[in-house]
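Student:
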Amino acid sequence: MPSNTSTRKGLFRLDFSSVQWGPGIVATLIGVFLLIVLVMPVAKVMYVAFQNPDTGALTINNFIDFFNAALFRESFANSFYVASMSVIFATIIAMPLAYFTTRFNFAGSTLIQTLGMIPLIMPPFVGAVAMQLFFGGNGSVNLLLDDYFGFTVPFMEGLNGVILVQSVHFFPFILINLSASLNNIDRSMEEAALNLGSSGMRLFRRIVFPLAMPGYIAGASLVFLKVFDDLGTPLLLNVNNMLAPQAYLRITSVGISDPIGYVISVILVLFSLFSMWVSFLAMKGKDYATAQKGGGGLLRRDLKPWEKFGCYAVITIILLFVLAPHTALGLLSISTVWSYSPLPDGYTLDHYSEVFATANQYITNTLLYAGLAGLIDIILGTAIAYIVWRTKIWGRKALDLVAMGALAIPGVVIGIGYLRMFYDINLPFSDVPMATWWGIMVIALAVRRLPYALRACVAALQQVSLSLEEAAESLGASKWSTIKRVVVPLMTGGILAGFVTSFATAAVELSATIMLVAKEGDAPLAYGIYVFMQSAAGRGPGAALGIIAVVIVGLGTYASHVIIERTKKANGLK
Amino acid sequence: MSKNHQSVGITIENVGLSFGDTQVLKGVNLKIAPGEFFAFLGPSGSGKSTLLRAIAGFGPTPTGRILIGDRDVTSMQPWQRNVGMVFQNYALWPHMTVQENVAFGLEERKVPSAVIAKRVHQALELVGLAHLAQRRPSELSGGQQQRIALARTVVVEPKVLLLDEPLSNLDANLRVQMRRDILKLQRELGLTTIFVTHDQEEANTTSDRMAVLNNGVIQQVGPPMQLYDAPANRFVANFIGSANILDGKIAVADDGQSSTFISEQGLQLTLGAQPAGKASLIFRPQNTRLEQQQHSANNLILPGRIVYREFLGSLIRYGVDVCGHILSVDELHSIGAIHRAVGDSVSLSVEQEQAVVVNQ
Chain P
7 MPSNTSTRKG LFRLDFSSVQ WGPGIVATLI GVFLLIVLVM PVAKVMYVAF
57 QNPDTGALTI NNFIDFFNAA LFRESFANSF YVASMSVIFA TIIAMPLAYF
107 TTRFNFAGST LIQTLGMIPL IMPPFVGAVA MQLFFGGNGS VNLLLDDYFG
157 FTVPFMEGLN GVILVQSVHF FPFILINLSA SLNNIDRSME EAALNLGSSG
207 MRLFRRIVFP LAMPGYIAGA SLVFLKVFDD LGTPLLLNVN NMLAPQAYLR
257 ITSVGISDPI GYVISVILVL FSLFSMWVSF LAMKGKDYAT AQKGGGGLLR
307 RDLKPWEKFG CYAVITIILL FVLAPHTALG LLSISTVWSY SPLPDGYTLD
357 HYSEVFATAN QYITNTLLYA GLAGLIDIIL GTAIAYIVWR TKIWGRKALD
407 LVAMGALAIP GVVIGIGYLR MFYDINLPFS DVPMATWWGI MVIALAVRRL
457 PYALRACVAA LQQVSLSLEE AAESLGASKW STIKRVVVPL MTGGILAGFV
507 TSFATAAVEL SATIMLVAKE GDAPLAYGIY VFMQSAAGRG PGAALGIIAV
557 VIVGLGTYAS HVIIERTKKA NGLK
Chain L
484 MSKNHQSVGI TIENVGLSFG DTQVLKGVNL KIAPGEFFAF LGPSGSGKST
534 LLRAIAGFGP TPTGRILIGD RDVTSMQPWQ RNVGMVFQNY ALWPHMTVQE
584 NVAFGLEERK VPSAVIAKRV HQALELVGLA HLAQRRPSEL SGGQQQRIAL
634 ARTVVVEPKV LLLDEPLSNL DANLRVQMRR DILKLQRELG LTTIFVTHDQ
684 EEANTTSDRM AVLNNGVIQQ VGPPMQLYDA PANRFVANFI GSANILDGKI
734 AVADDGQSST FISEQGLQLT LGAQPAGKAS LIFRPQNTRL EQQQHSANNL
784 ILPGRIVYRE FLGSLIRYGV DVCGHILSVD ELHSIGAIHR AVGDSVSLSV
834 EQEQAVVVNQ
């Protein structure tokens, strides 16, 4: 082709193959899209928070009102307290699992690490109700404690319940990051310290711990952010005196013109940004993993028999505790009646048949919404990754920043922003407000999960050595042809993994969609679970629906794992 | 895969290139003749790879002009240049088989599939790996990958062949074999070829001519032996082979017929007619002999003391302290040879014509 370009050159032909135009146009389109569906709704929320609801004038009175009201001050303090305590408990759960499995020769290290990830495949609010059955005031554990020892522990009372459920759900973030840090420590770092006479606790305190610290902080700040923003869990546990539930309740009960919902949104966003900043500071200049060669992780040592016994005992207790929500949910979904008894009175599959008979709509809606959202995400993710890492287009960094910025925006805020912005705009050729259209939920999900897909796509693109592209170009392939035949095929595994991650997490998202569900027929799975769980009679079918959600997310996560491993092997990376 | 009917030359005119504030190439001029096997030799960071990539069309557009034949390619896209490049890490696409890799360039050129099949087979025969056509790159050894990368490049019959350190990932024995194979292939196809390397032995053994680069500037161009025997400056002398280099100045005698070289350490040597000024005196270790006594008027004689002795296999290398300069002397090793000991007083003797004076 190159040798005869001159014969094909038309005078008026825009030469898209030379790619001066292509990525520019694509980048502009994506930029406009993100502006409309992310930047403007959030900006709108920010703006309204500083607006007098009657006159429209700019003011900080809304914030003064907020901090003058005892309920809101309490909600603020509660959210902060719950997020901090969740970090502490999550650390207590994650630390031994990470340390034992990376430090010692341990049969079943992989199994323990895998089991440790399981909480992530269940939305926390689903586990919340199930946890009541095990740990609530009249739950199995307290009934047994009362029978045998004559006392009970208020595990699930008020904020305790939220802290417990959130810690059990989110500790894997710390586990993943901490294990990665520990595994990335170059063995020679530790050997050098041993060689210079350091050992035991001193070695741990002066070498191992500081090197693993950035990973821990990154995980911990993520836990803080997630817990601080979460709406579903407090709502299902009926704990309303926290920030996210207050925002939701104000908007749904008082109306979308009530300024308090917006003030809370601003506070949520600020705290999200703050914890992301902390995590950024922790990692900044401390990316030890890439500065070191070899890796290999810590020296693993064999345990003495009694030590081994102790480790297994600790790990077993932790895992039993961590898997409690799944166990309880599973039992609830097949129980006839379960109340005031350690175990259900009888077992049945009726709840599943009821769900499939009456609540099919929730499942198909979820598959549709999450599928579409995942698709949008990988298309945007691939395009943005390529634009940012392979072109020199002006503003590409900003595009990346905005797309990743969705991480810092709590679902409640997206929900409120969409209501506010798209309520006055009708769908084309109809008088239906856009905010009540099911498609808006798809867009909300796509925007919220875009960072996950984008990260997966960037990781995939970075695995494609630049010389593979240059080789294609020097053999006569244009940019488009190179992207089509070399870049995208080599990214396939990563792109698929990105799709599955977006899909699986979108399938169980509640906080944005709960505000955007206009009619029951459009509602997704998570909303259905929420509705069922509101009544005692609905708990069985709700649990069945929850198990279905867990299966969808679990299969998705497993599929993404398999895909990644398979592509690595196929591409000779492993 | 027939011999190219007309090989083309490459002309590089005043090419400059910067990455940000760092100037990587500074006004490079070079003419490479059609069919020539040309080497870019230099240390890492010298700009040799950048220059090669600029010819292929990768990296920022340089200032100046690059011509392939009489076609100005300076601002052309890489895929419009018809330049074949073999990458240091081979850059074989892991998601395609060997066959698909080699067919890629022909498919991009919309060659009919029957022709593609034939030419791919020929190219694989040429590198002796036709039997591996259905393998994936990850199932090949380093040497095999290298051959496939070559086949993939030459199958499209490029105007010129660019090789970016193609042997650096191979083990020593394979490297020697591959460089002979590459040279043979180049002669068969008559392709104008540029070979980037930091290994002087590779450049010396393969190239018709070579350019030595340092800090983005070409230091000297010529056939390998010429660069070795008559280095243009102390960088070239030092980079190609081992050299004893004495820095100093030349003072011309009143009659103008002879001159005196005075080293920085105060060593004085009488030379023939030379221009006055700062200069370096350069001579090779293997052209320097250890003498017990001074003799022969035509030789430069440098008295000194042995400070180290290294056994290099075929050679014994002595380090001799001459007026504070540590100079190397190589002697051929043979069984039973009598060696000198550290601390021995010796005289170094260099024939005048083996010593080169370069101006600083």
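Here the protein sequences come in this chain order: P and L. Heads up, the first sequence is in this note's numbering, so the first residue is 7 and it goes up one at a time. Heads up, the second sequence is in this note's numbering, so the first residue is 484 and it goes up one at a time. Beta carbons are placed, not taken as given, at the ideal position from N, Cα and C, and that holds for glycine.
1. Establish whether the CB of R618 (chain L) and some CB of chain P are separated by less than 9 angstroms.
2. In chain P, what lies closer than 9 angstroms to R692 (chain L) by C-beta?
3. Grab me the residues of A715 (chain L)'s own chain with a C-beta within less than 6 angstroms of its C-beta, minus the 5 sequence neighbours each way, in chain order.
4. Whether or not the stretch 539-558 of chain L and the stretch 491-499 of chain L are in contact is what I'm after, with contact meaning three or more pairs of Cβ atoms, one per stretch, closer than 8 angstroms; do they touch?
5. Apart from the five residues on each side of it in sequence, which residues of its chain come closer than 7 angstroms, Cβ to Cβ, to V453 (chain P)?
6. Under 9 angstroms between C-beta atoms, does L467 (chain P) make it to chain L?
7. Identify whether D264 (chain P) lies in helix, strand or coil by the three-state DSSP scheme.
8. Please list the residues of the stretch 492-522 of chain P that have a C-beta atom closer than 9 angstroms to any C-beta atom in chain L, keeping them in chain order.
9. If we call anything under 9 angstroms between Cβ atoms a contact, is Q119 (chain P) one with L139 (chain P)?
10. With a threshold of 16 other CB atoms inside 10 Å of the CB of M447 (chain P), please say whether the residue is buried or exposed.
11. Which whole-angstrom value describes the C-beta separation of V470 (chain P) and L496 (chain P), a residue pair presumed to lie in contact below a C-beta threshold of 8 angstroms?
12. So the beta strand (DSSP E) Q751 (chain L) belongs to, where does it begin and stop?
13. Return the chain-ordered list of same chain residues with a C-beta closer than 8 angstroms to the C-beta of D528 (chain P), the five sequence neighbours on each side being excluded.
14. Apart from the five residues on each side of it in sequence, which residues of its chain come closer than 8 angstroms, Cβ to Cβ, to V556 (chain P)?
15. Under the DSSP definition of a beta bridge, which residues are partnered with Q57 (chain P)?
16. Measuring only the C-alpha atoms, how far is A297 (chain P) from M289 (chain P)?
17. Let me confirm a value: K531 (chain L) is counted as buried when at least 16 other C-beta atoms fall within 10 Å, else exposed. Which label applies?
18. Touching or not, the stretch 625-637 of chain L and the stretch 657-676 of chain L, by the rule of three or more beta carbon pairs under 8 angstroms?
19. Which first and last residues belong to the alpha helix (DSSP H) in which V637 (chain L) is found?
20. Which residues in the same chain have their Cβ closer than 8 angstroms to the Cβ of G401 (chain P), if we skip the five residues on either side of it in sequence?
21. I think A762 (chain L) touches V841 (chain L), with their Cβ atoms under 8 angstroms apart; what is that distance to the nearest whole Å?
22. Nearest to L231 (chain P) by alpha carbon, out of P:L451, P:G417, P:A483?
23. Is DSSP giving M46 (chain P) helix, strand or coil here?
24. Between which two residues does the alpha helix (DSSP H) harbouring E671 (chain L) extend?
25. Identify the contact partners of F541 (chain L) in chain P, using a Cβ-Cβ distance below 7 angstroms as the criterion.
26. Helix, strand or coil for D21 (chain P) per DSSP?
27. What runs of the beta strand (DSSP E), each 3 residues or longer, lie entirely inside the stretch 534-584 of chain L?
28. Count the other CB atoms within 10 Å of the CB of M137 (chain P); is the residue buried (16 or more) or exposed (fewer)?
29. Which of the three DSSP states, helix, strand or coil, is assigned to K590 (chain L)?
30. Please name the residue or residues paired with R844 (chain L) in a DSSP beta bridge.
31. Can you give the Cα-Cα distance for A513 (chain P) and L615 (chain L), rounded to whole angstroms?
32. Classify Q563 (chain L): buried if its beta carbon has 16 or more other beta carbons within 10 angstroms, exposed otherwise.
33. Can you pull the DSSP bridge partners for R307 (chain P)?
34. In three-state terms, what does DSSP make of G499 (chain L)?
35. Check K531 (chain L) in the structure and name its three-state DSSP category.
36. What's the gap between the Cα of V408 (chain P) and the Cα of A450 (chain P)?
Tutor: For this structure:
1. no
2. Among the residues of chain P, none has a CB under 9 angstroms from the CB of R692 (chain L); the nearest is roughly 24 angstroms distant.
3. Q703
4. yes
5. V43, L44, A412, I420
6. no
7. In the structure shown, the three-state DSSP call for D264 (chain P) is coil.
8. Result list: V492, P495, L496, T498.
9. no
10. buried
11. 5 angstroms
12. 751-754
13. Here the set comprises N371, W444, M447.
14. I127, M128, V132, H332, L335
15. P:L64
16. In this prediction, A297 (chain P) scores a pLDDT of 42, lower than 50, which makes its location untrustworthy; no coordinate-derived value is stated.
17. Flag for K531 (chain L) reads buried.
18. Here the stretch 625-637 of chain L makes contact with the stretch 657-676 of chain L; the two share three or more CB pairs at distances below 8 angstroms.
19. 625-637
20. A33, G37
21. 7 angstroms
22. P:G417
23. helix
24. 655-672
25. E476
26. Bear in mind that a pLDDT of 42 at D21 (chain P), under 50, signals an unreliable position, so the number given afterwards is only what the model happens to contain. Note: D21 (chain P) maps to coil in three-state DSSP.
27. As for any beta strand (DSSP E) of minimum length 3 sitting wholly inside the stretch 534-584 of chain L, the runs are 546-551, 566-569, ordered along the chain.
28. By the 10 Å Cβ count, M137 (chain P) comes out buried.
29. Residue 590 (chain L) is actually Glu in this sequence, not Lys. Correct three-state label for E590 (chain L): helix.
30. The requested residue 844 (chain L) does not occur in the structure, where chain L is confined to residues 484 to 843.
31. 46 angstroms
32. buried
33. P:F110
34. Strand.
35. In this structure, K531 (chain L) counts as helix in the three-state DSSP scheme.
36. The C-alpha of A450 (chain P) is placed about 15 angstroms away from the C-alpha of V408 (chain P).
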